[in-house]
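In UniProt numbering, the protein residues as written are 1 to 497. Where is the CB? At the ideal position from N, CA and C, for every residue including glycine. Source: prediction; values computed, not measured.
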Amino acid sequence: MSHSKPDTVSAVLARGRLGIPSVVFFVIAAAAPLTVVAGGATTGYAVTGVTGIPVAYLVVAAVLALFAVGYVAMSRRIVNAGAFYTYVTRGLGRPAGVGAALVALLAYNAMQIGLYGGAGAVTAQFLADRYGLDPAWWVCALMVWAVVAVLGVARIDLNGRVLAVVLVAECVVALVFDAVMVSHPAGGTVAFDTLAPSHVFAAGIGAALVTAITGFVGFEGTVVFSEETKDPRRTIARATYIAVAVTGLLYGLSAWAMSVATGPDRIVDAARADGTDLIFNLVSPYLSQSVVTVARVLFITSLFAALLSFHHTVARYLFALGRERVLPAVFGRTSRRTGAPKVGSLVQSGLAFAVLVGYALAGADPIVHLFFWITVTGGLGVLILMTVTSAAVVGFYRRISHTEGPWRSLIAPLTATLALGGILTVTLREFDTLLGVAPDSPLRWAFPAAYAAVALLGIGWALLLRTANPEIYHAIGLGADSDTGPLRAPDTVRQPA
């Protein structure tokens, strides 16, 4: 493995290209709001049989807002594209940080690559229904892959503009659909039963919370773009809170609106019968066919936006690890023309291509075996990372002198750790239900075990570096400071060993 340093200029991501709106567009696009509204909420009702899905979204939003308090507080002190990796390193030590980095790479690659299954299948179905074409799902998936691969090495602000258009259109459509459903309630009366706080204590709420949290995966990515923002300490904080608030309110509102249109007592049966077509079927009697068709197209572009955003996240994790030479130094180089982490982007695209070809040759179901299984597994990994990162925030502030109050440095992150840990426990306990496999299926533990394996691999690699290459080991978690000292003042925060 090569440990030669990338040159100073190529070790720096393009500075000052993103403002608050662009960062918000990236992270909300990763959450794929229309996909969550049309697919996630419906699936939540159908799989769990719980009518309190709107409450689950609001509860998860509250927990993630708690998580964001400490997360954002650290972002004001540490500006690094490594995000979770860097924060865990600073709070819990370098071995734990490298372990978290490999978990992050596995999780975000799973989220990104799994989405190709959904994008390919949904696009193929749309072309068949609308134009009578019959393309294989993997052909459509590879077409989307090609666009993502090209944009992955383009200027980051160009990507932000593309995502802005898609995201605004998604949110407008979702809100229009919500207004239509609420204005045409079942039985002529708007019911608020699915918003009752008592659902928090109802049977099955654990599975509902697990389903809900997958809809928020991506909001934590604000910090990944910190090195490319115009004012990181202000931009990242505001973008994170805006992302949590917008997604939480949109998901809760849309899930409730669907229950209004069907009636609270029929929402579960309707979701099981219609699947992801439910929301389109509910509004189609009241809107023109062209509007519904546009919405279906936006359902596809929602998946595309999420694919692009997660692609950028993976590329920047690879960049951060290459810059610090935890991975080969070639990953720590950026394009001199666009400032994008070109090697990480190309490697991620190559991995996605290989997986798509493998699934196509195997004849696997793109929805069940690629989209559902792999994205659920990716969501599990991000949940693990958020739980560990909350604990790292507590560890970080216990070791340094700071002016943050106890709310930001202890109470909020500790509470978030306990809450996220509880959701993680429920997730692992009910993972067979989430995958739709038998309780004794080896898949129930195979996917979670993969995270344990890569975490141990990362810890072992860090310990090996400590002995074999102390220079690299001590640079872990320093970010740009490890290679671009002349360009940035170093962060003097002491790290645990």
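Inter-residue spacing [alpha-carbon to alpha-carbon] between residue i and residue j
| i | j | result |
| --- | --- | --- |
| ALA362 | ILE374 | 16 Å |
| VAL12 | THR123 | With a pLDDT of only 46 at VAL12, under 50, the local geometry of the prediction cannot be trusted, and the value read off the model is given with reservation. Those two C-alpha atoms are separated by around 37 Å. |
| ASP432 | SER290 | 40 Å |
| ALA83 | VAL223 | 5 Å |
| ALA56 | ARG429 | 18 Å |
| GLY221 | GLY187 | 42 Å |
| TYR251 | ALA450 | 30 Å |
| ALA32 | LEU167 | 8 Å |
| ALA360 | SER349 | 16 Å |
| PRO397 | PHE26 | Reading off the sequence, residue 397 comes out as Tyr, not Pro. Those two C-alpha atoms are separated by around 29 Å. |
| ALA257 | MET181 | 6 Å |
| LEU478 | LEU418 | 28 Å |
| SER390 | THR427 | 18 Å |
| VAL394 | MET386 | 13 Å |
| residue 512 | THR240 | Summary: the structure shown does not reach residue 512, with the chain confined to residues 1 through 497, and so no result is reported for it. |
| GLY422 | THR415 | 11 Å |
| SER183 | ALA38 | 18 Å |
| GLU324 | THR214 | 30 Å |
| VAL437 | VAL47 | 12 Å |
| GLU404 | PHE67 | 16 Å |
| LEU195 | LEU133 | 42 Å |
| VAL59 | TRP407 | 20 Å |
| THR301 | VAL217 | 18 Å |
| LEU209 | LEU420 | 10 Å |
| GLY275 | THR42 | 6 Å |
| ILE20 | PRO442 | 44 Å |
| ARG238 | PHE219 | 12 Å |
| ILE472 | VAL326 | 7 Å |
Pick from the options that is closest to residue i, judged by C-alpha positions
| i | options | result |
| --- | --- | --- |
| GLN125 | ALA320, THR334, THR293 | THR293 |
| TRP145 | ARG161, PHE310, THR433 | PHE310 |
| PRO341 | GLY358, LEU327, PHE319, VAL180 | PHE319 |
| ALA202 | THR51, VAL172, LEU34 | THR51 |
| ILE205 | ASN109, GLY44, THR35, PHE372 | GLY44 |
| HIS402 | THR425, MET74, ALA46, LEU34 | MET74 |
| VAL147 | VAL330, ARG161, LEU410, LEU308 | LEU308 |
| VAL344 | TRP138, ARG316, SER259 | For clarity, residue 344 is Gly in the given sequence; the question names Val instead. Minimum Cα distance to GLY344 is reached at ARG316. |
| PHE353 | VAL139, PHE447, ARG161 | VAL139 |
| PRO366 | GLY120, PHE447, LEU151 | GLY120 |
| SER335 | GLY152, PRO95, TYR85, TRP137 | GLY152 |
| VAL297 | GLY97, PRO21, ALA174 | ALA174 |
| ALA271 | VAL326, ILE459, ALA255, PRO232 | ALA255 |
| HIS474 | ALA62, VAL69, GLY93, VAL23 | GLY93 |
| LEU249 | ARG466, ILE476, LEU64 | LEU64 |
| THR189 | LEU127, TRP461, THR262, PHE299 | THR262 |
| SER284 | VAL244, VAL176, ILE411 | VAL176 |
| ALA211 | ILE472, LEU465, THR467, GLY49 | The amino acid at residue 211 is misidentified as Ala; the sequence shows Thr. Residue GLY49 is the option with its Cα nearest to THR211. |
| LEU321 | TRP137, MET111, ALA462, PHE280 | ALA462 |
| ALA154 | ILE236, ILE78, GLY339 | GLY339 |
| ALA364 | PHE280, TRP137, ILE78 | TRP137 |
Buried versus exposed call for residue i [16 or more other C-beta atoms within 10 Å across all chains shown]
| i | result |
| --- | --- |
| ALA453 | exposed |
| ASP178 | buried |
| VAL165 | exposed |
| GLU170 | buried |
| LEU253 | buried |
| MET143 | exposed |
| ILE400 | exposed |
| TYR131 | exposed |
| THR35 | buried |
| SER409 | buried |
| PRO413 | buried |
| SER288 | exposed |
| ARG337 | exposed |
| ARG161 | exposed |
| VAL357 | exposed |
| THR89 | buried |
| ALA305 | buried |
| LEU464 | exposed |
Nearest-angstrom beta carbon gap, residue j and residue i [assumed within contact, 8 Å]
| i | j | result |
| --- | --- | --- |
| VAL368 | ALA100 | In fact, because the Cβ distance is near 29 Å, the residues do not count as touching under 8 Å. |
| ALA392 | TYR87 | 5 Å |
| TYR71 | GLY378 | Actually they are not in contact, since the Cβ atoms of TYR71 and GLY378 sit about 19 Å apart, beyond 8 Å. |
| THR247 | ILE53 | The Cβ separation is near 14 Å, so there is no contact. |
| LEU102 | LEU457 | 6 Å |
| ILE459 | ALA96 | 7 Å |
| VAL260 | PRO185 | 5 Å |
| PHE447 | GLY117 | Incorrect: roughly 15 Å between the Cβ atoms, too far for contact. |
| LEU434 | VAL355 | With a Cβ gap of about 21 Å, LEU434 and VAL355 do not count as contacting. |
| LEU105 | VAL268 | That pair is no contact at about 37 Å. |
### Query
Can you list, in chain order, the stretches of the alpha helix (DSSP H) that have 4 or more residues and sit fully within the stretch 136 to 179?
137 to 152
### Query
Whole alpha helix (DSSP H) runs in the stretch 35 to 61 with 4 or more residues, listed along the chain?
The alpha helix (DSSP H) runs lying completely inside the stretch 35 to 61 and spanning 4 residues or more are 41 to 48, given in chain order.
### Task
Quick one: which unbroken alpha helix (DSSP H) runs of 4-plus residues sit fully inside the stretch 283 to 365? Chain order, please.
Scanning the stretch 283 to 365 from its first residue to its last, the whole alpha helix (DSSP H) runs of 4-plus residues come out as 289 to 323, 342 to 362.
### Task
Scan the stretch 81 to 111 and note each continuous alpha helix (DSSP H) run of 4 residues or more that stays entirely inside, going in chain order.
84 to 92
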